[in-house]
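What follows is a single structure, written as structure tokens, with notes after it.
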Amino acid sequence: MRPDRDAILKALEQVIDPELRRPVTELDMVRDVLVDDDGAVSVTIALTVAGCPLRHSFEEQVGRFVGEVEGVTSVRLGFDVMTPEEKAALVTRLRGGAPADRTISLLPTTRVVAIASGKGGVGKSTLTANLAYALSALGEQVGVLDGDVYGHSIPHMLGVHQKPVAVDDMIVPPVRGDLKLMSIGFFLEENAPIMWRGPMLHRALEQFLSDVHWGELDTLLVDMPPGTGDVAMSLGQLLPRAEALVVTTPQPAAQQVAVRAAQMAVKTGMRVTGAVENMSYLAGTGQELFGSGGGQALADEIGTSLLARIPLDPVLREAADDGRTVLEAAPESETAQAISALAETLAGSRAGTIRKQLTVLS
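In this text, residue positions in the sequence shown follow the numbering used here: the first is 245, and each later residue adds one.
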């Protein structure tokens with residue numbers, strides 16, 4: 245029986261562009277569908293750029309969904325490249341008709357959480373990467389902006405090395421599963437240093453927030469640079485409605501400096517949503533290598549809650565070096581459980597969320 249062409253087009257509605265996270269039919273990427281009498285089907289998809297690094301995802305999805313259509317005996321997928329006019333139409337569609345010169349591309353419903361610390365070396369970037377994965381595991385659509393421009397490490401920790409794709413004046417961020425990522429590290433050769441002054445950094449961050457197609461994110465996590473310098477001030481100005489999650493280690497030296505990061509967040513219009521004590525104790529032993537009480541002292545001083553105490557765990561470090569999260573490497577570990585609990589707390593604290601049953605008054 246000759247396969248029904250409409251049924252094939254219906255099956256293609258299930259094929260999702262791995263970067264844009266929308267059906268290829270909705271994006272007008274299906275260039276052609278040919279059906280032979282013997283059940284052989286040929287599909288042509290127009291990509292935004294030649295040599296798309298995620299072609300294998302299209303091949304797997306088209307083969308799976310079209311192959312399930314009654315009467316299909318074989319599936320062949322070919323690729324083409326969008327014309328300039330098609331790219332312009334795609335950008336307009338993705339932006340919902342909004343002008344290209346708007347300040348921020350994030351939806352008003354996207355929650356922005358800046359992960360901040362007063363000093364380096366407290367595990368802020370590692371926590372950001374793992375927390376992003378944990379929130380995604382809860383069903384949220386999550387983006388990660390590596391704002392730690394001089395010490396960018398998020399791409400390495402999540403094992404993402406593909407380059408962003410430019411479609412006209414819009415940047416499509418690399419993806420890792422359901423996570424969308426953006427970092428200055430994607431634009432550098434190997435481990436080249438950043439040697440920019442404040443205005444250049446401000447413009448780069450502005451582009452990451454205005455030209456990047458973040459899509460329908462529930463939460464954008466921003467890995468803030470340590471301290472209170474140019475980058476931190478720029479992000480505070482560009483994201484005035486963001487929340488700040490302040491990270492410290494237990495010792496007073498880190499806690500006292502973290503207070504400054506919290507104070508700066510407030511001065512730039514952010515709301516401090518909580519504090520996290522990282523490296524609280526050695527996993528499996530409870531030994532407090534860096535002292536105790538810094539997280540609670542930080543929370544008390546800045547008038548917020550201590551949301552989590554995360555253990556120091558060699559597995560966490562090993563996983564980050566391998567480009568994985570501890571939730572993937574050791575999901576049952578003490579550290580993975582602590583980060584998952586933090587994600588649940590953070591998700592439950594979203595503005596407008598009722599976290600406990602209200603008393604019914606007659």
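Each residue gets a CB set at the ideal place from its N, CA and C atoms; glycine is no exception.
Alpha-carbon spacing of residue i relative to residue j, whole angstroms
{"i": "ILE398", "j": "VAL386", "result": "14 Å"}
{"i": "PRO267", "j": "ILE260", "result": "4 Å"}
{"i": "PRO575", "j": "GLY528", "result": "15 Å"}
{"i": "GLY283", "j": "GLU487", "result": "55 Å"}
{"i": "GLU270", "j": "GLU578", "result": "43 Å"}
{"i": "LEU602", "j": "LEU402", "result": "A caution first: LEU602 carries a pLDDT of 33, below 50, which makes its placement in the model too unreliable to give a value."}
{"i": "GLU521", "j": "LEU550", "result": "8 Å"}
{"i": "LYS424", "j": "MET245", "result": "42 Å"}
{"i": "PRO558", "j": "LYS363", "result": "21 Å"}
{"i": "ARG274", "j": "MET414", "result": "The identity of residue 274 in the sequence shown is Val, whereas the question assumes Arg. Looking at the two C-alpha atoms, the distance is approximately 21 Å."}
{"i": "ARG265", "j": "VAL416", "result": "11 Å"}
{"i": "ASN374", "j": "ALA573", "result": "11 Å"}
{"i": "LEU298", "j": "GLU304", "result": "10 Å"}
{"i": "GLU532", "j": "LEU526", "result": "6 Å"}
{"i": "ALA582", "j": "ALA552", "result": "7 Å"}
{"i": "VAL310", "j": "VAL325", "result": "21 Å"}
{"i": "ARG568", "j": "ALA587", "result": "17 Å"}
{"i": "ALA585", "j": "ASP276", "result": "47 Å"}
{"i": "ALA505", "j": "ALA448", "result": "22 Å"}
{"i": "VAL388", "j": "THR372", "result": "8 Å"}
{"i": "LEU382", "j": "ALA580", "result": "14 Å"}
{"i": "MET477", "j": "THR463", "result": "21 Å"}
{"i": "GLU329", "j": "ASP455", "result": "19 Å"}
{"i": "VAL366", "j": "THR492", "result": "6 Å"}
{"i": "TRP458", "j": "ASP281", "result": "43 Å"}
{"i": "LYS607", "j": "THR370", "result": "In the structure as shown, the chain begins at 245 and stops at 606. Residue 607 is therefore absent and cannot be evaluated."}
{"i": "MET333", "j": "ASP566", "result": "The sequence as given places Ala at residue 333; Met does not occur at that position. ALA333 and ASP566: Cα-Cα distance of roughly 39 Å."}
{"i": "GLU450", "j": "ALA498", "result": "29 Å"}
{"i": "LEU453", "j": "VAL411", "result": "16 Å"}
{"i": "SER427", "j": "VAL313", "result": "41 Å"}
{"i": "THR512", "j": "LEU291", "result": "41 Å"}
{"i": "SER593", "j": "CYS296", "result": "38 Å"}
{"i": "LEU590", "j": "GLY537", "result": "22 Å"}
{"i": "MET523", "j": "GLU384", "result": "26 Å"}
{"i": "GLN258", "j": "VAL316", "result": "17 Å"}
{"i": "ALA378", "j": "SER361", "result": "20 Å"}
Where residue i falls, given that 16 or more other Cβ within 10 Å makes a residue buried
{"i": "SER606", "result": "In this prediction, SER606 scores a pLDDT of 31, lower than 50, which makes its location untrustworthy; no coordinate-derived value is stated."}
{"i": "LEU432", "result": "exposed"}
{"i": "ASP250", "result": "exposed"}
{"i": "HIS405", "result": "exposed"}
{"i": "GLY539", "result": "buried"}
{"i": "HIS300", "result": "exposed"}
{"i": "GLU263", "result": "buried"}
{"i": "LEU461", "result": "buried"}
{"i": "LYS368", "result": "buried"}
{"i": "LEU351", "result": "exposed"}
{"i": "SER318", "result": "exposed"}
{"i": "PRO470", "result": "buried"}
{"i": "MET444", "result": "exposed"}
{"i": "LEU256", "result": "buried"}
{"i": "GLN481", "result": "exposed"}
{"i": "ARG355", "result": "buried"}
{"i": "ARG561", "result": "exposed"}
{"i": "ARG420", "result": "buried"}
{"i": "LYS600", "result": "For LYS600, the pLDDT reaches just 33, beneath the cut-off of 50, and the residue's location in the model is therefore unreliable, although a value from the coordinates is still provided. With fewer than 16 Cβ atoms within 10 Å of its Cβ, LYS600 is classed as exposed."}
{"i": "ASP272", "result": "exposed"}
{"i": "GLY429", "result": "buried"}
{"i": "THR327", "result": "exposed"}
{"i": "GLY391", "result": "buried"}
Contact with chain B by residue i, beta-carbon distance below 9 Å
{"i": "ASP413", "result": "Absent from the structure: chain B. Only one protein chain is present."}
Identity of the residues DSSP links to residue i by a beta bridge
{"i": "ILE415", "result": "ALA410 and VAL456"}
{"i": "THR292", "result": "None; THR292 has no bridge partner."}
{"i": "ASN374", "result": "Answer by DSSP bridge pairing: none, since ASN374 is not bridged."}
{"i": "PRO555", "result": "According to DSSP, PRO555 bridges with nothing at all."}
{"i": "LYS424", "result": "GLY387 and VAL419"}
{"i": "ARG355", "result": "THR463"}
{"i": "THR589", "result": "BP columns for THR589 are empty, so no partner."}
{"i": "ALA284", "result": "SER318"}
{"i": "PHE431", "result": "BP columns for PHE431 are empty, so no partner."}
{"i": "THR492", "result": "GLU521"}
{"i": "LEU526", "result": "LEU556"}
{"i": "ILE260", "result": "PRO267"}
{"i": "ALA564", "result": "Beta-bridge pairing links ALA564 to no other residue."}
Contact belief for residue i with residue j at Cβ below 8 Å, rounded distance in angstroms
{"i": "VAL293", "j": "VAL409", "result": "5 Å"}
{"i": "ALA376", "j": "LEU465", "result": "5 Å"}
{"i": "MET468", "j": "ILE359", "result": "6 Å"}
{"i": "PRO247", "j": "VAL287", "result": "Not quite, the Cβ-Cβ distance comes to about 12 Å (not below 8 Å), so this is no contact."}
{"i": "LEU542", "j": "VAL503", "result": "6 Å"}
{"i": "GLY199", "j": "GLN500", "result": "Because the chain here runs from 245 to 606, residue 199 falls outside it and cannot be looked at."}
query = Is there contact here, the segment 501 to 517 with the segment 527 to 547, by at least three beta-carbon pairs under 8 Å?
reply = Judged by Cβ distances under 8 Å, the segment 501 to 517 makes contact with the segment 527 to 547, as three or more pairs qualify.
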